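With the UniProt record's numbering, the residue at position 119 of the sequence shown is 119, and numbering never jumps. All C-beta atoms, glycine included, are put in the ideal place defined by N, C-alpha and C. Remember, predicted model here, so these are calculated numbers, not experimental data. Here is the structure we will look at, set down as structure tokens.
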Amino acid sequence: MNLLVTGGAGFIGSNFVHHVLEHTDHSVTVLDKLTYAGNRASLDGLPADRFRFVEGDIIDAELVDRLFAEHDAVVHYAAESHNDNSLDDPRPFLDTNIIGTYTLLEAARRHNRRLHHISTDEVYGDLELDDPARFTEDTPYNPSSPYSSTKAGSDLLVRAWVRSFGVQATISNCSNNYGPYQHVEKFIPRQITNVLRGERPKLYGTGENVRDWIHADDHSSAVLTILEKGVIGETYLIGADGEKNNKDVVELILSELGQPSDAYDLVTDRPGHDLRYAIDSTKLRAELGWTPRFSDFEAGLKETIRWYQDNEAWWAPQKDATEARYTAQGQ
């Protein structure tokens, strides 16, 4: 296939592009706006005969239409995705996550192209820390931030375009990703790069919030499986049974880097901070035969730490600006 990947210079999108070019014979075109979260360097070294990059915005209907006409299928990663930023300025989240997704759906409708829409488990809200339940495809939506609410809205648009117009689309909702090429504003790379710079990690509240971690390469393999085998109109949850609270994750990072496990600071919690996410990926595993490679979170985290140790030239230019912004916010 000739694939179009929106947001392919971002963290999860760039990992998907690398995965596809390494494990298939597909060709890939990346469409990315190159906001602060997109990094052209994340796509360095890819084969020129099977990869090209187009800088542009997914709300540009003329550009999107032209690219859809040239490709067999589209994987839609492009999104504004940082909760803190959505609390500070929600508008970009409406533009990209709602209007951008609408623009892609209309192009898919005109050209009858296969579309896979990437979403998040945050559309389901959160779970109590002591609740044994996990999110499933039938869990009602209950978003708690401008970010998660706009992602929920984009999911509903996809479902409506499938039902009303016959668009050939699927959806996946994934748990928290970690791995190479993740912006240092995000939790795990922020803590890793703080320690590498001799600074103390920062934890919201008491650090008891639980996330269900999955390595970005496992997310990529799941998306490719859905693209190739998924049933049109269906939603699949992607998770690797990696539940850890933030305190445990920071202590693992500190220990792996030879620091005392309690060498971190607690900062004021953000408004509406979700308590716990947990994914039940039974449907994806049973119906499509997918399994994660990084079933051991600690092993995947060690590999991720090594990547940031070896790639300071990639993350250093964004680090100072990110920490300055957090400092201004008291975080």
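Helix or strand or just coil, what does DSSP make of residue i?
i	result
T136	coil
R285	helix
D155	helix
Y277	coil
A61	helix
F165	helix
V184	coil
E303	helix
N15	helix
E128	coil
Y326	helix
Y178	strand
E243	strand
R66	helix
A160	helix
Q259	coil
Y141	coil
P47	coil
I232	coil
Provide the residue span of the alpha helix (DSSP H) that contains residue i, from first to last.
i	result
S172	Not the alpha helix (DSSP H): S172 falls in the beta strand (DSSP E), residues 169-174.
N246	246-256
H111	101-111
L34	Counting along the chain, L34 falls outside any alpha helix (DSSP H), and DSSP gives it neither H nor E.
H219	216-229
F187	187-196
N83	83-88
Between residue i and the rest of its own chain, which residues show a CB-CB distance below 7 angstroms, the 5 nearest in sequence each way excluded?
i	result
L21	V28, L46, P47, R50, F51
D218	A240, P292, R293, F294
Y124	F135, T139, Y141, N142
S14	G8, S42, L43, Y181
I171	H117, S119, D155, V158, T235
F297	W213, G242, K244
Y308	P189, I192, T193, L196, W315
V184	R190, T193, W315, Q318, K319, T322
Give me, in chain order, the residues of the same chain whose beta-carbon lies closer than 6 angstroms to that of residue i; leave out the 5 immediate sequence neighbours on both sides.
i	result
G300	H215, F294
G153	I98
Q191	P201, V250, I253
G38	A9, G10, D32
K247	G207
L266	L203
S148	E122, V123
According to the neighbour-count rule (16 or more other Cβ atoms, all chains shown, within 10 Å of its Cβ), is residue i buried or exposed?
i	result
Y36	exposed
R40	exposed
E312	exposed
L129	exposed
R113	buried
V64	buried
D212	buried
V231	exposed
G258	exposed
N2	exposed
D72	exposed
A107	buried
At what residues does the beta strand (DSSP E) containing residue i begin and finish?
i	result
H117	114-120
L94	Per DSSP, L94 belongs to no beta strand (DSSP E) and is neither H nor E.
H26	No beta strand (DSSP E) contains H26, which DSSP labels as neither H nor E.
F294	Unbroken run through F294: none, as it is neither H nor E.
D212	210-212
I238	235-238
R52	51-55
So if DSSP puts residue i in a beta bridge, which residue, or which two residues, is it bridged to?
i	result
Y308	Answer is none; Y308 lacks a bridge partner.
D265	K202
V5	V30, V75
Within 7 angstroms: the Cβ of residue i and any heavy atom of the ligand FAD?
i	result
A41	Questions concerning the ligand FAD fall outside what the structure shown contains, since it holds no ligand whatsoever.
Keeping to the same chain, check which residues put their C-beta closer than 8 angstroms to that of residue i; ignore five residues upstream and five downstream.
i	result
E256	L301, K302, I305
A69	H111
V17	V5, G8, V28, V30, L43, L46, F51
Y77	V5, T6, G7, G8, G10, I12, G13, F16, I118
I59	D95, T96, I99, G100, T103
V223	F16, V75, H116, I118, S172, I238
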